[in-house]
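If you're matching positions, the first sequence starts at 68 in the working numbering and goes up one per residue.
Ideal Cβ positions, reconstructed from N, Cα and C, are used throughout, including at glycine.
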Amino acid sequence: MPEGLEAELYAGAAAQLVGHQIISIDVDDRCADSMQLATLIGRDIIGVKRHGKRVALVIDGAQLELYFAMTGRLIVNGVAPIPALEYGPSTERKEWDRLVMTTSKGSLRVNDPRRWARFTLDPDWSMLGIDLMADACDLQKALGEHRHRTVSVKALLLDQRVIAGLGNMLADEILFGSDIDPRRQFSSLTDDEFERLSQQISLTVSELGARGGSHKGALHPGLRTARAQCPLDGAPLQRVTLAGRTAIFCSQHQR
DNA sequence: CGGCATGTTTCGCC
DNA sequence: AGGCGAAACATGCC
Numbered sequence: 068m069p070e071g072l073e074a075e076l077y078a079g080a081a082a083q084l085v086g087h088q089i090i091s092i093d094v095d096d097r098c099a100d101s102m103q104l105a106t107l108i109g110r111d112i113i114g115v116k117r118h119g120k121r122v123a124l125v126i127d128g129a130q131l132e133l134y135f136a137m138t139g140r141l142i143v144n145g146v147a148p149i150p151a152l153e154y155g156p157s158t159e160r161k162e163w164d165r166l167v168m169t170t171s172k173g174s175l176r177v178n179d180p181r182r183w184a185r186f187t188l189d190p191d192w193s194m195l196g197i198d199l200m201a202d203a204c205d206l207q208k209a210l211g212e213h214r215h216r217t218v219s220v221k222a223l224l225l226d227q228r229v230i231a232g233l234g235n236m237l238a239d240e241i242l243f244g245s246d247i248d249p250r251r252q253f254s255s256l257t258d259d260e261f262e263r264l265s266q267q268i269s270l271t272v273s274e275l276g277a278r279g280g281s282h283k284g285a286l287h288p289g290l291r292t293a294r295a296q297c298p299l300d301g302a303p304l305q306r307v308t309l310a311g312r313t314a315i316f317c318s319q320h321q322r
């Protein structure tokens, strides 16, 4: 999915439906409780909110979370803010529609081949950490509460309870930009490294946000697959598995 | 055809 | 008890 930056695009698109009344909801039963969602019919969409990678339609008296997992795409009024996801399918099939909502003046659907998308009524977001787009000082403060943790830095960045919205690519970009090896224990960072990392989060998030997405960084998808070289110093890029995900980093300048 | 993919939750094991 | 790593989930693509 969509990391936080992409979720922001989805939230913006969904906002087109604010002020509309929900006319119908058609949902894949494996992705949601269709009986619950049926209670939303006839009610008004009064807002949209996002925290981390999570997006929710604020409905008169309820909230409906749209969770996209890795391959869920949002289409609002027939237009997809992200036409094709990295690592997603190259085509779109009708049977991959997991949620189809029609409103008084528009429509919204979520298309997800992998069927990991989830639609939850009145979701509990209390476990989510600070949003990735928060103020840099607040991000640093939030990170500081975990300085004793022995997990790898990469795993910590991916932990949604610490910072909500960072995904695999953003985390790699942040570590690349702060010259830190993703395998390092978070607790082993020096004060200088900790500060560098904290600052880099906001830099990376705003820069890639301006460029259009998590896939627009130095370690863009083209470099993630093949044996590639560091765009900064030409050293070979390394691939390791951390926290169940592939981490890409430069063997030369990330220490 | 085997392996891998912008992710979260669950299950064991320290 | 709490924290960590690996597996599970489902399916398309290279």
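query	result
Per DSSP, the bridge partner or partners of Cys98	None; Cys98 has no bridge partner.
Separation of Leu299 from Leu290, as counted between CA atoms	13 Å
Alpha-carbon spacing of Asp239 relative to Arg121, whole angstroms	21 Å
Residue nearest to Thr138 in terms of C-alpha spacing, selected from Arg250, Pro150, Gln130, Gly145	Pro150
Pick from Thr313, Glu159, Gln305 that is closest to Asn178, judged by C-alpha positions	Glu159
Sub-8 Å separation of Ile89 and Met168 beta-carbons	yes
When Gly276, Ile315, Gln83, Pro190 are compared against Ala293, the one with the closest alpha-carbon	Ile315
Length of the line joining the Cα atoms of Asp189 and Cys297	44 Å
Where the beta strand (DSSP E) containing Ala34 begins and where it ends	What is shown of the chain runs 68 to 322, which leaves residue 34 out entirely.
His282 beta carbon less than 8 Å from that of Glu75	no
From Ala201, His87, Arg176, residue whose alpha carbon lies closest to that of Pro148	Arg176
C-alpha distance - Gln252 paired with Ser157, whole-angstrom precision	38 Å
Candidates Leu206, Arg228, Thr313, of which the one nearest Met194 by Cα	Arg228
With 16 other Cβ atoms within 10 Å as the buried cut-off, status of Thr257	exposed
Residue burial classification, Ala222 (beta-carbon count within 10 angstroms, cutoff 16)	buried
Nearest-angstrom Cβ-Cβ length linking Leu275 and Leu242, presumed shorter than 8 Å	In fact, because the Cβ distance is near 14 Å, the residues do not count as touching under 8 Å.
Host alpha helix (DSSP H) of Ser273 (start-end)	258-278
Three-way DSSP call (helix, strand, coil) for Tyr77 in this model	helix
Inter-residue spacing [alpha-carbon to alpha-carbon] between Gly232 and Leu72	8 Å
C-alpha distance - Leu124 paired with Lys116, whole-angstrom precision	7 Å
Cβ pair Asn144, Gly119 closer than 8 Å	no
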